[in-house]
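K.L.:
What follows is a structure written as structure tokens; I'll ask about it next.
Residue numbers (full-length UniProt numbering): 1 to 349.
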């Protein structure tokens with residue numbers, strides 16, 4: 001009954017087998033192997049256009065280097081107030097951009113509010129040297145609270161980005177989960193809506209350690225090879241990342257793994273919705289379920305073997321949790337089994 005995080009899950013057997021196969025023999029390092037080139041072409045096909053692909057080891061690195069690539073003196077990037085890059089990356093985006101700032105933008109349901117976004121950008125008028133310069137907007141798909149930006153919402157944010165001449169970055173740590181939930185293609189949920197740069201996550205969805213930074217316009221990434229090297233993210237034996245992506249993308253494995261994780265979340269959500277001892281905090285749209293429990297009941301569940309994290313209530317929902325209650329996050333993964341979900345629901349009741 002481990003619902004702590006999809007990071008706790010291991011690697012899918014197909015990924016492990018491909019890693020084992022890649023460990024034999026010799027291969028050109030630093031992204032120069034035939035396999036690296038093959039995967040780069042696969043990403044072109046996946047996104048239905050020529051893209052620039054850079055492997056990195058973590059999602060934090062992908063997010064941070066995305067912003068470093070578009071950095072400006074006095075730069076300011078705009079993201080949701082509870083975005084992962086703002087609250088959970090220990091200042092890495094600021095560190096790798098050498099001091100660029102993250103400006104929080106409020107919005108319900110874990111999503112940037114359009115009016116708030118415009119108001120925050122307007123706080124940095126052109127030529128006002130003391131404030132700094134807007135340099136990017138970043139959205140998270142799926143969001144930190146398991147909700148999804150609908151296509152029209154992404155397009156509306158992209159329109160604002162284009163109005164102010166800002167690139168739009170998407171943190172796609174759970175991109176696959178969002179994609180299958182919305183029934184879109186990678187192109188339809190990214191550049192066709194106006195996304196310029198993307199952190200393409202695979203580690204949470206069955207890989208051992210595989211993240212990619214993708215530029216929809218390769219010319220925008222002209223400095224990224226040097227930025228990545230300086231950030232110690234140019235992996236020597238990059239074939240071990242490439243081979244994971246090879247297995248991950250083969251025959252739609254990545255989508256099937258995400259569908260399973262989402263299905264387990266829906267099963268969990270349904271059980272909580274019918275429980276007398278818990279209530280859903282909001283509707284889950286991917287593979288993260290948030291519920292409100294009595295603190296004593298949450299403690300008993302953990303004592304009985306359930307693994308999950310307490311979670312800070314969103315600032316937009318200050319009255320969500322009463323005294324002696326706790327908000328908890330329950331995350332499912334490709335490795336979650338229906339029996340585990342059912343056992344948790346049984347203990348909950």
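Beta carbons: idealized from backbone N, C-alpha and C, even for Gly.
Out of 153, 128, 158, 116, point me to the one whose CA is closest to residue 136's CA.
P.N.:
Taking the first residue of the chain shown as 1, we reach residue 136 at position 136. Minimum Cα distance to residue 136 is reached at 158.
K.L.:
Where does residue 55 sit, in a helix, a strand or coil, going by DSSP?
P.N.:
Translated into positions along the chain shown, residue 55 becomes position 55. Residue state, collapsed to three classes: strand.
K.L.:
For residue 51, I'd like the list of residues in its chain whose CB is within less than 7 angstroms of its CB, leaving aside the five on either flank, ordered along the chain.
P.N.:
As a first step, residue 51 is located in the chain shown; it is residue number 51 there, counting from the start. 43, 44, 214, 215, 216, 218.
K.L.:
Within the continuous beta strand (DSSP E) that includes residue 290, where are the two ends?
P.N.:
Against the chain shown, residue 290 aligns to sequence position 290. Where residue 290 is concerned, the enclosing beta strand (DSSP E) stretches over 288-294.
K.L.:
I believe residue 285 touches residue 142 by the beta-carbon criterion, under 8 angstroms. Please report the beta-carbon distance rounded to the nearest angstrom.
P.N.:
Residue 285 sits at position 285 when you count from the first residue of the chain shown. Residue 142 sits at position 142 when you count from the first residue of the chain shown. With 8 angstroms as the limit, residue 285 and residue 142 qualify as a contact, their Cβ atoms being about 7 angstroms apart.
K.L.:
How is the alpha helix (DSSP H) around residue 337 delimited, first residue to last?
P.N.:
Counted from its first residue, the chain shown places residue 337 at position 337. Looking at the DSSP string, residue 337 is not in any alpha helix (DSSP H), and its letter there is neither H nor E.
K.L.:
Suppose the cutoff is 6 angstroms on Cβ atoms and the five residues either side in sequence are ignored; what does the same chain contact list for residue 186 look like?
P.N.:
Here residue 186 is taken as the residue at index 186 of the chain shown, counted from 1. So the list reads 46, 47, once near-sequence residues are dropped.
K.L.:
Pick helix, strand or coil for residue 2, following the three-state DSSP scheme.
P.N.:
Stepping through the chain shown from its first residue, residue 2 is reached at position 2. Looking at residue 2 - three-state DSSP - the assignment turns out to be strand.
K.L.:
Work out the CA separation of residue 274 and residue 56 for me, nearest whole Å.
P.N.:
Your numbering for residue 56 matches position 56 in the chain shown. Your numbering for residue 274 matches position 274 in the chain shown. The alpha-carbon atoms of residue 56 and residue 274 are separated by roughly 42 angstroms.
K.L.:
On the DSSP letters alone, give me the boundaries of the alpha helix (DSSP H) that residue 314 sits inside.
P.N.:
Here residue 314 refers to the residue found at position 314 of the chain shown. Segment: none, residue 314 is in no alpha helix (DSSP H) and carries neither H nor E.
K.L.:
Please state whether DSSP places residue 306 in a helix, a strand or coil.
P.N.:
Here residue 306 corresponds to residue number 306 of the chain shown, with the count starting at 1. If DSSP states are grouped into helix, strand and coil, residue 306 belongs with coil.
K.L.:
Give me the Cβ distance between residue 313 and residue 327, rounded to the nearest whole Å; I'm assuming they're in contact under 8 angstroms.
P.N.:
Start at 1 with the first residue of the chain shown, and residue 313 comes out as number 313. Start at 1 with the first residue of the chain shown, and residue 327 comes out as number 327. Going by Cβ atoms, the distance from residue 313 to residue 327 rounds to 5 angstroms, so yes, they are a contact pair.
K.L.:
Am I right that residue 307 and residue 3 are in contact with their C-beta atoms under 8 angstroms? What's the rounded C-beta distance?
P.N.:
Against the chain shown, residue 307 aligns to sequence position 307. Against the chain shown, residue 3 aligns to sequence position 3. About 6 angstroms; that satisfies the 8 angstroms criterion.
K.L.:
Select from 348, 111, 60 the residue whose C-alpha is nearest the C-alpha of residue 90.
P.N.:
As a working mapping, residue 90 is identified with position 90 in the chain shown. It is 60 whose Cα lies nearest to the Cα of residue 90.
K.L.:
Could you pull the DSSP bridge partners for residue 214 from this structure?
P.N.:
Locating residue 214 in the chain shown gives position 214, where the first residue counts as 1. Per DSSP, 53, 198.
K.L.:
Excluding the 5 residues flanking residue 343 on each side, which residues of the same chain have their C-beta closer than 7 angstroms to its C-beta?
P.N.:
What you label residue 343 is simply residue 343 of the chain shown in a count that begins at 1. Once the five neighbours on either side are set aside, the close Cβ partners of residue 343 are 1.
K.L.:
Under the assumption that residue 243 contacts residue 18 (Cβ atoms under 8 angstroms), give the Cβ distance between them as a whole number of angstroms.
P.N.:
Along the chain shown, one-based indexing puts residue 243 at 243. Along the chain shown, one-based indexing puts residue 18 at 18. About 5 angstroms separates the two Cβ atoms, so the contact holds.
K.L.:
Decide if residue 111 is buried, meaning its Cβ has at least 16 other Cβ atoms within 10 Å, or exposed.
P.N.:
If you number the chain shown from 1, residue 111 lands on position 111. Under this definition residue 111 is a buried residue.
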